[in-house]
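A.B. asks: If you scroll down you'll find the structure; I have some questions about it.
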Amino acid sequence: MTHAFGAHPADFDPELDDLDLDFPAPGQRAAFDPPAPEPEAELTPQALTTVPAAAQPSEPLRFAAPAPAFNPVADLTQHVSQAFQEVSVPRIGIHIFGERPDTLAAAERAGQDRRLSRATTQIRVGGLSAALEAYAHEPTPPLVIVESAAPAGQLLADLDRLAENCDMGTKVVVIGAANDIMLYRELMRRGVSEYLVAPIQPLQLIGAIGSLFNDPAQPFVGRTMAFIGARGGSGSSTVAHNTAWAIAERLSANTLIVDYDLPFGTAGLDFNQDPLNGVADALSQPDRLDATLIDRMMVRCTDRLSLFAAPATLDADWDISADAYEEVTGRIRGAAPFVVLDLPHAWSAWVRRALVTADDVVITAAPDLASLRNAKNIIDLIRQARPNDAAPKVVLNQVGMPGRPEIPAKDFGAALGVHPALLVPFDAKIFGAAANNGQMVMEAASKSKAAEAFTTLAQIVSQRELAMLPAPGKAKAAKPGKAEKADKPAKSSLLGGLFKKR
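Quick note on UniProt numbering: the sequence shown kicks off at 1 and runs consecutively.
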């Protein structure tokens with residue numbers, strides 16, 4: 001018999017002999033073929049789906065929910081949140097049949113998430129019974145998610161009927177009420193792709209969908225961070241470049257900067273590199289972009305920091321489609337663990353899409369009214385488009401400029417609804433010298449407050465910490481003739497020094 005989703009290649013579990021799952025009788029047809037047996041053991045569908053009479057209890061087993069402290073199915077999906085940044089769902093159709101109101105609400109929020117933006121999601125009421133009725137006269141999409149609160153025996157019987165109507169290659173995810181590992185195993189044997197226990201959360205559903213479509217040939221996807229200024233001159237590019245340098249050199253992680261400000265980009269100047277047409281060439285032919293071509297287009301600033309510089313020329317109008325930007329960004333993500341997108345202070349379809357699809361968004365604002373208004377508009381748009389993501393991070397730059405009235409950081413955060421993640425003090429001497437010499441602030445003045453601020457921001461957006469210093473007992477002995485300061489306490493890590501009270 002042909003069926004839509006085949007059983008997993010697993011051996012028969014003798015523990016199932018002790019359960020009465022209300023399987024079909026020997027004379028009935030089974031919806032799923034049994035798993036491939038070993039050469040010396042021959043199993044038939046009847047042997048798999050029939051419980052021996054001697055092992056049958058007097059009453060059918062009831063799949064009651066166990067105590068909250070024991071959740072074996074949830075334990076199998078506890079690491080879903082760690083893979084959210086790598087979720088990449090292709091352009092497929094997804095049908096979700098829910099029963100519970102909270103399941104329908106979670107499905108609605110998941111369908112609006114940026115990670116499922118390329119998929120077409122349809123949400124229907126009625127659960128598994130509605131799916132049986134619908135697919136009796138219409139084809140199935142690549143992914144079907146059904147919910148059923150029925151007992152285990154009825155659930156398996158309904159899934160057998162669903163398998164007869166599913167097209168080949170259809171993946172099925174089941175949302176049920178029974179939190180039982182034995183039921184989970186039986187569903188996996190019958191070819192179900194995933195089993196979730198209600199109630200579910202939007203991110204849990206997104207993670208389950210994404211895990212079904214991960215490409216084993218391309219498992220690595222870098223983390224994208226989009227930097228944009230609330231207004232012109234707020235210093236967004238300076239913040240982006242210094243943060244990227246801190247991730248690469250202070251946190252020892254390979255990082256790539258993409259300067260998308262094609263006519264006026266400053267990445268080449270800030271790193272004292274001759275500007276190439278790397279970004280422009282990639283955007284003009286995104287379909288030809290591969291790992292080799294990306295490597296040729298990049299400029300290596302340090303051993304861990306690479307640059308996709310903008311041409312910074314007005315010779316062309318740079319009328320490039322939003323799809324080209326999205327395609328290039330998607331291909332570049334595989335070039336480094338961290339990709340910093342330096343976005344121009346402009347508003348277009350591709351800028352909006354870059355902000356919505358980035359893993360992290362950093363808004364650089366000055367403590368003035370224009371920055372407050374624009375930052376508020378950007379945050380409101382991103383919150384609406386990314387309901388399941390954290391709010392954008394706000395960097396208040398140029399704080400303490402002499403002679404300029406400023407909005408206090410506390411009032412600025414209260415108006416935005418997002419407290420500034422970082423305050424970068426105004427220091428014309430340090431920033432001016434670094435810019436004129438083609439250096440980062442941490443190179444020109446590594447002990448300055450601005451350098452510490454960028455190191456802190458690098459840890460926030462990368463979710464990494466600075467490496468620990470050697471333990472005091474393993475420290476190198478001082479050279480003879482040099483006195484040691486016995487009253488100076490040893491630091492356990494550089495991170496502790498960043499947050500000490502001043």
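Ideal placement from N, C-alpha and C gives every residue a C-beta, glycine not left out.
1. Looking only at its own chain, which residues have a Cβ that is under 6 Å from the Cβ of A310, when we skip the five neighbours before and after it?
2. In chain order, what residues of the same chain have a beta carbon less than 7 Å from the beta carbon of V394, not counting five sequence neighbours either side?
3. So for M225, helix, strand or coil by DSSP?
4. Where does R288 fall in DSSP's three states?
5. Rounded to the nearest angstrom, how far is the Cβ of residue 504 from that of L203, given a contact under 8 Å?
6. At what residue ranges does the stretch 302–375 contain a whole run of the beta strand (DSSP E), taking only runs of 3 or more?
7. Under 8 Å: do the stretch 229–237 and the stretch 333–346 share three or more Cβ pairs, one atom per stretch?
8. Under 6 Å Cβ to Cβ from A119, same chain only, skipping five residues before and after it: list those, please.
9. Taking the alpha carbon of Q154 as the point to measure from, which residue in V144, Y135, S129 has its own alpha carbon closest?
10. Taking the alpha-carbon positions, what's the A444 to K410 distance?
11. Quick one: what's K393 bridged to in DSSP?
12. So what's P405 in DSSP terms, helix, strand or just coil?
13. Measuring straight from C-alpha to C-alpha, what distance separates R304 and P142?
14. List the DSSP bridge partners of P425.
15. Classify V125 as buried or exposed, calling it buried when 16 or more other Cβ atoms lie within 10 Å of its own Cβ.
16. Report back the beta-carbon spacing between N242 and M440 to the nearest angstrom; my notes put them in contact at under 8 Å.
17. Express the C-alpha separation of R161 and I247 in angstroms, rounding to a whole number.
18. Does the distance from the CB of F338 to the CB of M442 come in under 8 Å?
19. Please state if the CB of A131 and the CB of F97 are separated by a distance shorter than 8 Å.
20. Pull up the DSSP beta-bridge partners for D259, would you.
21. Mind checking whether the beta-carbon of Y135 lies closer than 7 Å to any heavy atom of the ligand PLP?
22. With distances taken between CB atoms, is the gap from E133 to E99 smaller than 8 Å?
23. How would you write the range of the beta strand (DSSP E) that I200 sits in, first residue to last?
24. Measure the beta-carbon distance from V328 to L293 and round it to whole angstroms, keeping in mind my assumption that it falls under 8 Å.
25. Helix, strand or coil for T266? Go by DSSP, reduced to three states.
26. Measuring only the C-alpha atoms, how far is T313 from R331?
27. When the Cα atoms are used, what is the spatial distance from G235 to Q285?
28. Among the residues of its own chain, which have a CB less than 6 Å from the CB of N277, if the five just before and after it don't count?
29. Three-state secondary structure (DSSP) at V51?
30. Note down the Cα distance separating A166 from A198, rounded to an integer number of angstroms.
31. Please name the residue, chosen from L156, E164, F308, that lies closest to V174 on a Cα-to-Cα basis.
32. Figure out for me which residue from V239, D281, M298, M297 has the closest Cα to the Cα of A316.
C.D. replies: Reading off the structure:
1. Excluding positions up to five away in sequence, the list reads D259, D261, L262, G265, V279.
2. Result list for V394: I363, A365, A375, L416, V418, P420, A421, in chain order.
3. Strand, per DSSP.
4. Under the three-state reduction of DSSP, R288 is assigned to helix.
5. Because residue 504 is not part of the residues shown, which for the chain are 1 to 502, the question remains open.
6. List check, beta strand (DSSP E) in window: 305–308, 338–342, 360–365.
7. Contact holds: three or more Cβ-Cβ distances are below 8 Å.
8. Setting aside the 5 residues that flank it on each side, A119 is surrounded in the same chain by V89, I92, I94, each with a C-beta closer than 6 Å to its C-beta; the list follows chain order.
9. The shortest Cα separation from Q154 among V144, Y135, S129 belongs to S129.
10. Taking the straight line from one Cα to the other gives about 30 Å.
11. DSSP lists V362 as partners of K393.
12. Coil.
13. Rounded to the nearest angstrom, the two C-alpha atoms are 40 Å apart.
14. Answer is V399, bridged to P425.
15. V125 counts as exposed, since fewer than 16 other C-beta atoms from the protein chains shown sit within 10 angstroms of its C-beta.
16. Taking C-beta atoms under 8 Å as the contact rule, N242 and M440 qualify, at a distance of about 5 Å.
17. C-alpha separation (whole angstroms): 54 Å.
18. M442 sits away from F338, with the two beta carbons spaced by 8 Å or more.
19. Yes.
20. The partner list for D259 (beta bridge, DSSP) reads D342.
21. This structure does not include the ligand PLP; it has no bound ligands of any sort.
22. Result no, Cβ atoms of E133 and E99 do not sit closer than 8 Å.
23. Neither: I200 is in no beta strand (DSSP E) and is coded neither H nor E.
24. Not really, about 11 Å apart at Cβ, beyond 8 Å.
25. T266 falls in the coil class under three-state DSSP.
26. Approximately 24 Å between the Cα atoms of the pair.
27. In this structure, the straight-line span from the alpha carbon of G235 to that of Q285 is close to 31 Å.
28. For N277, the CB contacts under 6 Å within the same chain, skipping 5 residues up- and downstream, are P311 in chain order.
29. Because the pLDDT at V51 is just 37, under 50, the model does not fix this residue reliably, and the point stays unresolved.
30. Residue 166 is actually Cys in this sequence, not Ala. Linking C166 to A198 through their CA atoms gives a straight-line distance of about 24 Å.
31. Comparing Cα positions, the closest option is L156.
32. The shortest C-alpha separation from A316 is found at D281.
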